[in-house]
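First comes the structure, then the notes that go with it.
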Amino acid sequence: MSTEEQFLTRRVLSMQESQTMRITALANKMKAEGKDIVSLSAGEPDFPTPDFVCQAGIDAIRAGFTRYTANSGIPELKKAIVEKFRRDNGLEFTETEIIVSNGGKQTLANTFLALVQEGDEVIVPAPYWVSFPEMVRLAGAEPVIVGT
8 MSTEEQFLTR RVLSMQESQT MRITALANKM KAEGKDIVSL SAGEPDFPTP DFVCQAGIDA
68 IRAGFTRYTA NSGIPELKKA IVEKFRRDNG LEFTETEIIV SNGGKQTLAN TFLALVQEGD
128 EVIVPAPYWV SFPEMVRLAG AEPVIVGT
């Protein structure tokens, strides 16, 4: 029995390799070999983080924004999101309808784990991000790919 098999669940061991990470590793290997590569795999830009973004992070740390926030996001950010949707998109929301997350994929994974029962079928509209079917399987359901 391998170390992985000893410590990981069957659910995790049954997961397919991330194709995004596989392609990213291949692109990085080719770059290391001196090839001129533009990687369109993991969505990482080929330029450094802009100085104003770095400075905003430093300023936030110095101002003491280093603690956990409310699960759904800080009120000031939620208010700004409500305003953005109203101003730019003509959409009306309240702050209680807004949840700030670290990304769409994590939010989908959490949603699947919270709402999907073992054996359910989940419609995955195609085209889709390569990890979506695997996230459905991890929740114990079966993805049903539907062309759009």
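For what it's worth, my numbering labels the leading residue of the sequence shown as 8, then goes sequentially. Even glycine gets a Cβ: it sits at the ideal position worked out from N, Cα and C. All figures in this text were calculated on a predicted structure; none of them were measured in a lab.
Over the uninterrupted beta strand (DSSP E) stretch that includes residue i, give me the two end residues.
| i | result |
| --- | --- |
| Glu128 | 128-133 |
| Val45 | Unbroken run through Val45: none, as it is neither H nor E. |
| Ile152 | 149-154 |
Just tell me which of the options has its CA closest to the CA of residue i.
| i | options | result |
| --- | --- | --- |
| Pro140 | Phe119, Lys91, Asn78 | Phe119 |
Straight-line CA distance for residue i to residue j?
| i | j | result |
| --- | --- | --- |
| Pro82 | Arg74 | 14 Å |
| Pro55 | Glu125 | 43 Å |
| Pro134 | Val153 | 9 Å |
| Ile44 | Glu104 | 42 Å |
In three-state terms, what does DSSP make of residue i?
| i | result |
| --- | --- |
| Glu40 | coil |
| Pro140 | helix |
| Arg74 | coil |
Between which two residues does the alpha helix (DSSP H) holding residue i run?
| i | result |
| --- | --- |
| Ile65 | 58-69 |
| Pro55 | Premise fails: Pro55 is in no alpha helix (DSSP H) and is neither H nor E. |
Residues in the same chain with beta-carbon distance under 8 Å from residue i, minus the five sequence neighbours each way, listed in chain order, please.
| i | result |
| --- | --- |
| Gln23 | Glu141 |
Suppose the cutoff is 6 Å on Cβ atoms and the five residues either side in sequence are ignored; what does the same chain contact list for residue i look like?
| i | result |
| --- | --- |
| Ala116 | Met142 |
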